[in-house]
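Peer 1: Offset between the sequence shown (1-based) and this note's numbering: plus 2.
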Amino acid sequence: MVRIRLRRMGAKKKPFYRIVVADQRSPRDGRFIENIGTYDPMTDPPTIDIKSERAGHWLSVGAQPSEAVARLLTKTGITDEEGKLKAVEAVADEAEAEPEAA
Numbered sequence: 003m004v005r006i007r008l009r010r011m012g013a014k015k016k017p018f019y020r021i022v023v024a025d026q027r028s029p030r031d032g033r034f035i036e037n038i039g040t041y042d043p044m045t046d047p048p049t050i051d052i053k054s055e056r057a058g059h060w061l062s063v064g065a066q067p068s069e070a071v072a073r074l075l076t077k078t079g080i081t082d083e084e085g086k087l088k089a090v091e092a093v094a095d096e097a098e099a100e101p102e103a104a
């Protein structure tokens, strides 16, 4: 199974995380498929930078976010509280609205 999870980087006692798409069986800091963002908890407020279109793509093809990444996706507004993509819903709403206007 493919998961979206955090990969720890940075120095000792100064963590910095990359948000990566990886196979569930690979180690935490091991092989990954794609890097889709970063998370820096040491700044005030914590810095979250996620490529929303890539995260949406991976979620739409069945990748499961870890608990920590699910919270980050909700904070950034990519998903709602139930874990559903907001971007996909917005695109679907726009596609439905266009035929009505024409």
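Ideal Cβ positions, reconstructed from N, Cα and C, are used throughout, including at glycine. In this text the structure is predicted, and so the values were computed from the model without any measurement.
Assign Ala65 to buried or exposed, taking buried as 16 or more other Cβ atoms, counted over all protein chains shown, within 10 Å of its Cβ.
Peer 2: For the purposes of this step, residue 65 is taken as the residue at position 63 of the sequence shown. Ala65 is buried by the Cβ-count criterion.
Peer 1: Taking the C-alpha atoms as reference points, what is the distance between Ile80 and Leu61?
Peer 2: Numbered from 1 along the sequence shown, position 78 holds the residue referred to as residue 80. Numbered from 1 along the sequence shown, position 59 holds the residue referred to as residue 61. Their Cα atoms are separated by approximately 10 Å.
Peer 1: For my contact list, Arg56 and Gln26 are in at a C-beta cut-off of 8 Å; report their separation, rounded to the angstrom.
Peer 2: Translated into positions along the sequence shown, residue 56 becomes position 54. Translated into positions along the sequence shown, residue 26 becomes position 24. The pair is not a contact, with the Cβ atoms about 19 Å apart (cut-off 8 Å).
Peer 1: Between which two residues does the alpha helix (DSSP H) containing Arg73 stretch?
Peer 2: Counting from one through the sequence shown, the residue named residue 73 turns up at place 71. Segment Glu69 to Thr78, the alpha helix (DSSP H) holding Arg73.
Peer 1: Check the C-beta distance from Ala24 over to Arg33 and give it rounded, since I have them as a contact under 8 Å.
Peer 2: As a working note, residue 24 is residue 22 in the sequence shown. As a working note, residue 33 is residue 31 in the sequence shown. That pair is a contact at about 7 Å.
Peer 1: Compute the distance between the beta-carbons of Ile21 and Ile38, then report whether it is under 8 Å.
Peer 2: The residue you call residue 21 lines up with position 19 of the sequence shown. The residue you call residue 38 lines up with position 36 of the sequence shown. Taking 8 Å as the Cβ cut-off, Ile21 and Ile38 qualify as a contacting pair.
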